[in-house]
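Quick notes on the structure that follows.
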Amino acid sequence: MPFFAPMLNTNLHHKSYLSYGLKIASFVPLTGLITSDLEPDTFVLSGSVRTDSRYSDFDAADIVLRPGLSVRASRDFFFIEWDSVGACLIESGTDVTIEIGDEIDEKDFIPLITGPILAVLLHQRGRLVLHASAVNIDGRAVVFLGAKGSGKSTLAAHLQQHGHELISDDIVPVSFSSNVAETIPGYPQIRLFPDSVESIGFEPGSMPQVNTWIDKRHFVPDGDFTSEPIELGCIFILDAGESVLVQEVNPYSAFIEIADNTYTGAFLKETDSVGVHFELCERLVKAVPVLRLSRPHDFGRMQEIIEMVTRTASECAK
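The sequence shown begins at 168 in the numbering used here and counts up by one.
See below:
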């Protein structure tokens with residue numbers, strides 16, 4: 168039985184939300200997510216995390232990801248603590264309890280809920296959670312994979328401005344129907360640095376900042392947004408280069424790139440998911456073409472990059 172029973176829903180906000188196939192009831196309004204009348208299957212509640220016995224009695228050392236951010240992970244539970252900001256406990260892919268620091272505005276915590284916390288929930292539900300962005304080209308999900316700062320969100324924003332529907336930004340969960348890889352869209356919002364906002368023709372000051380600590384802006388694209396599953400068409404691994412070039416990636420390199428660019432890849436042993444994770448990576452490599460896109464960091468070359476991406480994606484869809 169989940170730790171949080173429905174009777175505790177008294178601290179939930181009156182709205183519920185739909186994102187990545189999760190039907191979420193939350194104590195804090197999740198700005199930017201699509202509202203839903205469906206019965207919730209995921210609960211985000213306010214409560215004490217640091218005094219929870221599963222947190223205080225955890226028998227393994229914290230995994231420190233960077234100064235001020237640490238994780239305690241097991242098969243069923245996932246604890247994240249941000250020093251001076253707050254902490255959360257994520258359980259069994261359905262229940263989240265959040266403890267927000269006394270001096271923190273709850274609005275500043277929302278990107279942590281809609282980012283890493285949702286990613287962990289999806290991992291606990293058996294998804295392969297790529298740290299990526301995706302758009303719809305010719306009816307297929309085209310995924311952009313790469314290290315932090317490689318331009319995934321910026322490229323997705325430019326493609327959206329050229330008429331290709333956004334599927335998701337930052338998180339791309341993958342599951343399989345028979346041997347077909349598919350993803351479920353997240354929510355219609357992209358987080359962009361000011362120079363990227365300007366590159367798509369907007370003024371950064373006209374868009375809300377993601378939170379107090381990050382100088383990124385919430386870009387809400389115009390146009391349609393669907394919550395229906397969509398088949399993956401191809402994956403582009405983003406790389407830097409002097410010219411715009413697409414090359415096929417051999418299966419071994421593709422497997423490594425995918426395995427290295429997942430949200431929970433650092434915690435596979437702790438969450439007892441090594442075998443499942445690598446199996447999903449292997450299935451994805453077999454199901455979807457993986458390509459390397461090299462291009463310069465030059466917004467003036469973006470039209471050339473977009474033409475290369477759309478042409479290649481269309482060929483993959485044939």
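All C-beta atoms, glycine included, are put in the ideal place defined by N, C-alpha and C.
This structure is a prediction, so every number in the text was calculated from the model and none was measured.
The ligand FAD and residue i: does the residue's C-beta get closer than 6 Å to at least one heavy atom of that ligand?
i	result
V364	This structure does not include the ligand FAD; it has no bound ligands of any sort.
Could you give the distance in angstroms between the alpha-carbon of residue i and the alpha-carbon of residue j?
i	j	result
A480	I271	43 Å
L447	S342	8 Å
A227	L285	23 Å
S420	Q470	28 Å
G293	S203	23 Å
D250	I265	14 Å
A301	C401	10 Å
S186	L197	10 Å
D389	Q328	8 Å
V416	S320	22 Å
S410	E370	29 Å
M374	K485	38 Å
F434	V452	21 Å
I267	D275	10 Å
I338	D224	31 Å
V377	F445	33 Å
A172	G467	Residue placement at A172 cannot be trusted, given a pLDDT of 37 that sits under 50; the coordinates are not used to answer.
G353	R221	30 Å
D427	L326	25 Å
P278	E248	15 Å
S438	T477	According to the sequence shown, residue 438 is Thr rather than Ser. Cα-Cα distance, rounded: 38 Å.
G372	F246	35 Å
G316	I381	14 Å
G432	L288	14 Å
V124	E365	Since the first residue shown for the chain is 168 and the last is 485, residue 124 is missing from the structure and cannot be characterised.
I280	M475	35 Å
R450	K436	20 Å
R233	S440	23 Å
F244	G235	20 Å
Which same chain residues end up closer than 8 Å to residue i when comparing Cβ atoms and leaving out the 5 residues on each side of it in sequence?
i	result
G408	S461, R462, P463
Q414	L458, R459, S461
I201	Y184, L185, S186, Y354, P355, F392, S394
V443	G293
If I measure Cβ to Cβ from residue i and keep anything under 6 Å in the same chain, skipping five residues before and after, which residues do I get?
i	result
Y430	A286, V296, H298
Q356	G199, H385, V387
E398	R307, V347, E349
G214	T264
V231	S237
P396	E349, I351
G188	I351
Between the Cα of residue i and the Cα atoms of the options, which residue gives the shortest distance?
i	options	result
Y184	V476, S394, E415, V413	S394
S259	E349, P340, F276, Q291	Q291
G282	I304, L326, D305, S335	S335
P418	P396, P456, V443, S440	P456
L256	R233, T218, I277	T218
R459	I423, G442, D439	I423
S363	T477, A314, D465, V252	D465
I367	E248, I473, T477	I473
S345	A454, F246, D269	A454
G313	L279, I425, P234	I425
C483	F244, I280, G188, V309	V309
T379	F244, E273, R450	E273
On the premise that residue j lies in contact with residue i, defined as a C-beta separation below 8 Å, what is that separation, rounded to the nearest angstrom?
i	j	result
L405	G318	6 Å
R239	D229	6 Å
K182	L205	About 12 Å separates the two Cβ atoms, so there is no contact after all.
F311	F392	The Cβ separation is near 18 Å, so there is no contact.
F194	D262	That pair is no contact at about 12 Å.
I351	P361	That belief does not hold up - the Cβ atoms of I351 and P361 are roughly 30 Å apart, past 8 Å.
Whose C-beta lies closer than 7 Å to the C-beta of residue i among residues of the same chain, with five residues either side of it excluded?
i	result
P207	S183, K190, I191, A192
L359	S320, T321, A324, K383, R384, F386
H331	V302, N303, I304
L175	Legend: pLDDT at L175 = 42, less than 50; position of this residue unreliable, value from coordinates given subsequently. If we look at L175 and ignore the five residues flanking it on each side, its Cβ neighbours are L212.
G253	I265, E266, I267, G268, I271, F276
Could one say the Cβ of residue i lies closer than 7 Å to chain C's Cβ atoms, at least one of them?
i	result
D226	Going by chain labels, chain C is absent from the structure shown, which holds only one protein chain.
Complete alpha helix (DSSP H) runs within the region 279-329 (minimum length 4 residues, chain order): Positions of the alpha helix (DSSP H) runs, each at least 4 residues long and wholly inside the region 279-329, are given as 285-291, 319-328 in order along the chain.
Every unbroken beta strand (DSSP E) inside the region 383-417 [3 residues or more]: Segments of the beta strand (DSSP E) lying fully in the region 383-417: 397-407, 412-415.
Ranges of the alpha helix (DSSP H) found wholly within the region 208-264, counting only runs of at least 4: Taking only runs of at least 4 residues, the alpha helix (DSSP H) segments lying wholly in the region 208-264 are 220-223.
Completely contained beta strand (DSSP E) runs for the region 346-372, where each covers 3 or more residues: Segments of the beta strand (DSSP E) lying fully in the region 346-372: 347-350, 357-359.
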